[in-house]
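Numbering (this note's numbering), first residue to last: 1 to 137.
Just so it is clear, CB atoms sit at the ideal spot from N, CA and C, and this is done for glycine as well.
See structure below.
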Ligand SMILES: Nc1ncnc2c1ncn2[C@@H]1O[C@H](COP(=O)(O)OP(=O)(O)OP(=O)(O)O)[C@@H](O)[C@H]1O
Ligand SMILES: [Mg+2]
């Protein structure tokens, strides 16, 4: 599912590598935690998986990152987001709507989900998280 081969990344202008020679495979169903001190490269590592590196943050990139068989160089972050979900450090900056229902709708609309599927997708998401009672909060 996630295949990382000899990944090294240095931000433009930085003196040293933020990530160095990382090789890792994450299989379907694996639950992985990445730990390390501040500045160790956790966020950088995640940015290599969701495609913000190399598409948004520039620098020297060596090695390869493949998500479900696709090289992150070949797929833009918007497309990758269909497979890779990201929650940033400042969780509150994700909220864009006043109501839970609209918040879920935001993602579906951005992905261009057809209108006739939206209602059932919202219901599914609420059920999956067991938060149906929060729909109109
Ligand atoms: N946009 C950037 N431009 C240049 N250097 C950066 C940038 N973002 C991070 N770095 C540098 O890359 C290294 C790894 O930083 P990163 O933010 O990935 O660490 P982290 O493990 O997520 O830290 P924290 O626990 O504080 O969130 C650090 O040396 C940091 O200064
Ligand atoms: Mg971080």
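Under the three-state DSSP convention, the category residue 3 falls into: Residue 3: strand per DSSP, three-state reduction.
Among 30, 1, 126 and 48, the one whose alpha carbon lies nearest that of residue 22: Of the listed residues, the one whose Cα sits closest to residue 22 is 48.
Distance between residue 19 and residue 108 (C-alpha atoms, nearest Å): One C-alpha to the other measures close to 33 Å.
Lining residues of ligand 2 - beta-carbon closer than 6 Å to any non-hydrogen atom, in sequence order: Answer in sequence order: 42, 43 and 89.
For residue 80, the nearest candidate out of 53, 123 and 27 (CA to CA): Looking only at 53, 123 and 27, the smallest Cα-Cα distance to residue 80 is reached by 53.
Span of the alpha helix (DSSP H), counted from its first residue to its last, around residue 93: Boundaries cannot be given for residue 93, as no alpha helix (DSSP H) includes it and DSSP labels it neither H nor E.
Proximity winner among 93, 117, 104 and 115, relative to residue 137 (alpha-carbon distances): Relative to the Cα of residue 137, the nearest Cα in the group 93, 117, 104 and 115 belongs to 104.
The segment 27-42 touching the segment 90-102, judged by at least three CB pairs closer than 8 Å: Here the segment 27-42 makes no contact with the segment 90-102; the two share fewer than three CB pairs at distances below 8 Å.
Residue closest to residue 135, alpha-carbon to alpha-carbon, out of 65, 45 and 102: Nearest of 65, 45 and 102 to residue 135, Cα basis: 102.
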